[in-house]
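Under our numbering, think of the first position of the sequence shown as 657, with each following residue one higher. Built from N, CA and C at the ideal position, the CB exists for glycine as well. Bear in mind that the values here come from a model prediction, so they are computed numbers and not experimental data.
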Amino acid sequence: MNVIIVGAGNLGSSLARKLSDLGHRITIIEKNPKAVSLLPRGRVDSGAMTIVHRDGSTSAGMLEAGISDADVFVAATGKDSLNGLAAQRAKLIYRVEEVMTVVRDEGARTLYDSLGISTINKASLASDYFVTMLTEEA
Numbered sequence: 657m658n659v660i661i662v663g664a665g666n667l668g669s670s671l672a673r674k675l676s677d678l679g680h681r682i683t684i685i686e687k688n689p690k691a692v693s694l695l696p697r698g699r700v701d702s703g704a705m706t707i708v709h710r711d712g713s714t715s716a717g718m719l720e721a722g723i724s725d726a727d728v729f730v731a732a733t734g735k736d737s738l739n740g741l742a743a744q745r746a747k748l749i750y751r752v753e754e755v756m757t758v759v760r761d762e763g764a765r766t767l768y769d770s771l772g773i774s775t776i777n778k779a780s781l782a783s784d785y786f787v788t789m790l791t792e793e794a
């Protein structure tokens with residue numbers, strides 16, 4: 657699978673590592689050199705991961721990353737507005753089949769879900785997990 661991930665922070669770099677371990681082709685769009693340093697140097701040097709040093713919400717960044725060949729697009733920055741813009745552009749303009757984004761705002765989550773963009777809210781996911789853990793112990 658050809659996966660593009662916008663954002664090389666904790667979530668983006670962890671996702672990139674795990675998908676790379678499974679043999680998927682990973683392209684990461686990240687303009688911050690400090691965030692890029694979180695990625696495993698060996699995989700970047702070997703070509704298992706490709707880095708595009710641009711703003712991931714722009715057409716220029718997406719085109720350089722090879723958006724036309726992407727099977728999956730994940731917007732995983734720390735900014736809802738950037739994630740939303742990137743995800744909408746990938747889904748509606750470039751017609752990527754599977755688009756996912758991280759959101760903090762539940763209202764935005766409803767909007768993106770209605771556009772066919774899969775969403776995850778880290779706070780909601782964590783609280784659901786804790787409730788499950790607590791109720792299983794009882």
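Assign residue i to one of three DSSP states: helix, strand, or coil.
i: A691; result: helix
i: T757; result: strand
i: R681; result: strand
Is the beta carbon of residue i less than 7 Å from the beta carbon of residue j?
i: T757; j: N739; result: yes
i: I685; j: V662; result: yes
i: V759; j: F729; result: no
Using CA atoms only, rank isn't needed, just tell me which of the options is closest to residue i.
i: E754; options: D725, L767, D711, T766; result: D725
i: S774; options: A742, T788, L678, M789; result: A742
i: D677; options: K687, A716, M705, I660; result: M705
i: K778; options: L767, E762, M789, L790; result: E762
i: G734; options: I723, G665, A672, E792; result: G665
Have a look at the DSSP bridge pairing and note the partners of residue i.
i: F729; result: I660, V755
i: S724; result: Partner(s): none; S724 has no beta bridge.
The stretch 702-722 touching the stretch 679-694, judged by at least three CB pairs closer than 8 Å: Pairwise C-beta distances place the stretch 702-722 in contact with the stretch 679-694, as three or more of them are shorter than 8 Å.
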